[in-house]
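Input: a single structure, listed below in structure tokens.
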């Protein structure tokens, strides 16, 4: 089951806390492909108070799964209060948070060595696939590609296809029926590519090209790491 962070019941927050997702591992269990974290995981948070002079009360309901031979759903609930002013910092906790912050996907190609050159949709019969042309991929493994958009998420172990110069690769991710994908014109999607511990995450805007999806180009946009694609998207993760 996908982990769900429910912050309802919190107070003095300027919006929900923003999660920094560490890059997951890819696993297959009972023919189901999962994005997992092994042994432990830390999700660093960014948050802002509505009134900096008042305390923040965080109330979290977290639903996730712990997997070994089978996946067992777990529901945890926590409450804590953060007082205004400079907090007392535990050096061990700070080091742990810093370590996991460094594992989050980056939008900067230079920092991870992965570069997306072009993204466009191609019709495959009645369905549509997203072709991602990029450089920097390892030849030894299939990268994990996550596509998040309004009300959908796609994840796959992509098989890179060489393109031309020997340094450029194309990975393809199926999106679904063309009639549904046509409605994405002008919408944002998040593209995340994970390759041997490196992860690139960027926001691309689906271009408008009449009513046809075939050959529809996408345009990258400048964004914060946590800039969301569209409301309603969710991801599939579990703790192994």
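Residue numbers (the numbering used here): 38 to 277. Beta carbons: idealized from backbone N, C-alpha and C, even for Gly.
Heavy atom of the ligand FAD within 8 Å of residue i beta-carbon
| i | result |
| --- | --- |
| residue 156 | Absence of the ligand FAD is noted for the structure shown, with no ligands found whatsoever. |
Identity of the residues DSSP links to residue i by a beta bridge
| i | result |
| --- | --- |
| residue 83 | 55 |
| residue 342 | This structure gives no information on residue 342, because the portion of the chain shown stretches from 38 to 277. |
| residue 113 | 99 |
| residue 194 | 181 |
| residue 211 | 166 |
| residue 186 | 189 |
| residue 199 | 206 |
Inter-residue Cα distance where the pair is residue i and residue j
| i | j | result |
| --- | --- | --- |
| residue 180 | residue 186 | 19 Å |
| residue 206 | residue 257 | 18 Å |
| residue 132 | residue 159 | 45 Å |
| residue 194 | residue 182 | 6 Å |
| residue 232 | residue 138 | 18 Å |
| residue 74 | residue 54 | 21 Å |
| residue 189 | residue 240 | 15 Å |
| residue 224 | residue 125 | 42 Å |
| residue 56 | residue 204 | 33 Å |
| residue 235 | residue 136 | 14 Å |
| residue 76 | residue 60 | 14 Å |
| residue 238 | residue 170 | 14 Å |
| residue 120 | residue 175 | 46 Å |
| residue 157 | residue 168 | 5 Å |
| residue 147 | residue 184 | 21 Å |
| residue 196 | residue 80 | 29 Å |
| residue 105 | residue 202 | 43 Å |
| residue 129 | residue 220 | 48 Å |
| residue 58 | residue 144 | 13 Å |
| residue 198 | residue 51 | 44 Å |
Residue i in three-state terms, based on DSSP
| i | result |
| --- | --- |
| residue 174 | coil |
| residue 47 | coil |
| residue 257 | strand |
| residue 216 | helix |
| residue 283 | The question about residue 283 has no answer here: the residues shown for the chain are numbered 38 through 277. |
| residue 107 | coil |
| residue 124 | coil |
| residue 152 | strand |
| residue 94 | strand |
| residue 41 | strand |
| residue 141 | coil |
| residue 246 | Any reading at residue 246 must be qualified, since the residue scores a pLDDT of 45, below 50, and its modelled position is unreliable; the value itself is stated next. Looking at residue 246 - three-state DSSP - the assignment turns out to be strand. |
Opening and closing residue of the alpha helix (DSSP H) in which residue i lies
| i | result |
| --- | --- |
| residue 229 | Element bounds for residue 229: not the alpha helix (DSSP H) but the beta strand (DSSP E), 225 to 232. |
| residue 134 | 128 to 138 |
| residue 146 | 146 to 149 |
Where the beta strand (DSSP E) through residue i begins and ends
| i | result |
| --- | --- |
| residue 221 | Segment: none, residue 221 is in no beta strand (DSSP E) and carries neither H nor E. |
contact_flag[the stretch 145 to 164, the stretch 219 to 233] where n(CB pairs < 8 Å) is 3 or more
Under the 8 Å Cβ criterion, the stretch 145 to 164 counts as touching the stretch 219 to 233, having at least three qualifying pairs.
Counting Cβ pairs closer than 8 Å, one from the stretch 208 to 222 and one from the stretch 158 to 169, do we hit at least three?
Here the stretch 208 to 222 lies against the stretch 158 to 169, with 3 or more beta-carbon pairs under 8 Å apart.
Count the CB pairs spanning the stretch 41 to 59 and the stretch 89 to 104 that are closer than 8 Å, and state whether there are at least three.
Using a C-beta cut-off of 8 Å, the stretch 41 to 59 makes contact with the stretch 89 to 104, since at least three inter-stretch Cβ pairs fall below that distance.
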